[in-house]
Structures are given as structure tokens and as C-alpha cells.
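Q: Numbering (our numbering), first residue to last: 10 to 189.
Laid out in C-alpha cells, this is it:
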């Protein structure tokens, strides 16, 4: 066998071994975070750190996978002790097969849910501005869906649910009472 063929075969085996080592290291990397020693060994960042399905986000933030809903209720003006039951105003829609072709309300519903999430994730130490765009947009949507009488006040709540079966409800934001 000529020298160049033998050298090429050895080089191919070395490259194959290197690829196998990198593949093994990347598979192992999926199950742990690289510490300082790992960064020293991988100074050129050759080992990928893929995290399928955002495992770190789910692990660090338990609210990451919440479904956001806006509920509203009405009560007689001056008597908030006997409000009506909560009515859903905005919730993640049940999608049909037709929605992937035509869903005219998809963007507006998504924006309303984004505003609801913004209010629901607000820090308790920072008060929410009732004259802010998110608050007023959600309030308008609640008035449109619930449409209270002239002698009734409206209150809305942003709640979060999680899971597939029982879906416990977590209150994230409760608005003031409003009249038209």
C-alpha cells in the first residue's frame, strides 16, 4: 500500500474519532450545564449546547408555560359585594383545521393575550398604570364582551392556568372597578 493511501486512512480514522468524541460530548451536554472546567476544555466552543424544548427556561421559570386568560364580572354600582360570576373574555382559542388558512382574529387575540401576560407578569412593587395602553385595551375588550348596564360596574382579572387536566387557576392581576 502506498504511503499516501495509508496516511489518508489514518487521517480519516483520526477525523472519525474526533467526530465521535464531539458527538458523544454534545449528547452528554444535553443533560448537564457546562461548568468552569468544561469551558476550559472547550475553549473554542466546539461542543454544542442545544437545549431542545427550552428545558432551562422551564426549569428556571415555573410560570414559563402558563396559559393566560382574562375574565370579567359586573356588579351594581356601589355594591361590589354581590358581583356576577366571572365570564371568560379572552382565552387561548380552540383552533380548528381551518385556522391555519384563515384566522382573521388571530393577531388581535394574540395581542390581547400579550397585554394580559404583561399585566400578569408585572412586578407587585411597580403599580400598573390604569391609563396605560395594555390596561385600557383589555378594559375595552371586557366592556365589548360583557357590556354591563349603565348602573353596573365592571372588573376584570388576568388569570393563568397550567397543565392539561385539572388546570388550577392562578390569579395574576385584579383590576379596579370601572363604569362606562
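Glycine included, C-beta positions come from ideal geometry on N, C-alpha and C.
Helix, strand or coil for residue 170, going by three-state DSSP, please let me know.
A: The answer is strand: DSSP assigns residue 170 an E or B state.
Q: Assign residue 161 to buried or exposed, taking buried as 16 or more other Cβ atoms, counted over all protein chains shown, within 10 Å of its Cβ.
A: Answer is buried; the Cβ neighbour count reaches 16.
Q: Is the Cβ-Cβ distance between residue 150 and residue 77 less than 8 Å?
A: No, these two residues do not count as a Cβ contact at 8 Å.
Q: Can the beta-carbon of residue 83 be found closer than 8 Å to that of residue 165?
A: The answer is no: Cβ separation not under 8 Å.
Q: Measure the beta-carbon distance from residue 96 to residue 81 and round it to whole angstroms, keeping in mind my assumption that it falls under 8 Å.
A: Confirmed, Cβ separation roughly 6 Å.
Q: In whole angstroms, what is the alpha-carbon distance linking residue 93 and residue 79?
A: Using only the alpha carbons, I get a separation of about 15 Å.
Q: Who does residue 99 pair with in a DSSP beta bridge?
A: Answer by DSSP bridge pairing, in chain order: 79.
Q: Specify, as a first and last residue, the run of the beta strand (DSSP E) that residue 180 falls within.
A: It spans 178-183 - the beta strand (DSSP E) in which residue 180 sits, taken as one unbroken run.
Q: Nearest to residue 142 by CA position, among 159, 153 and 120, is which residue?
A: Among 159, 153 and 120, the Cα nearest to that of residue 142 belongs to 120.
Q: Determine the extent of the alpha helix (DSSP H) in which residue 89 is found, giving its start and end residues.
A: Premise fails: residue 89 is in no alpha helix (DSSP H) and is neither H nor E.
Q: Using DSSP's beta-bridge definition, name the partner residues of residue 162.
A: Note: residue 162 sits in a beta bridge opposite 84.
Q: Verify whether the separation of the beta carbon atoms of residue 116 and residue 152 is less than 8 Å.
A: Not a contact, by the Cβ cut-off of 8 Å.
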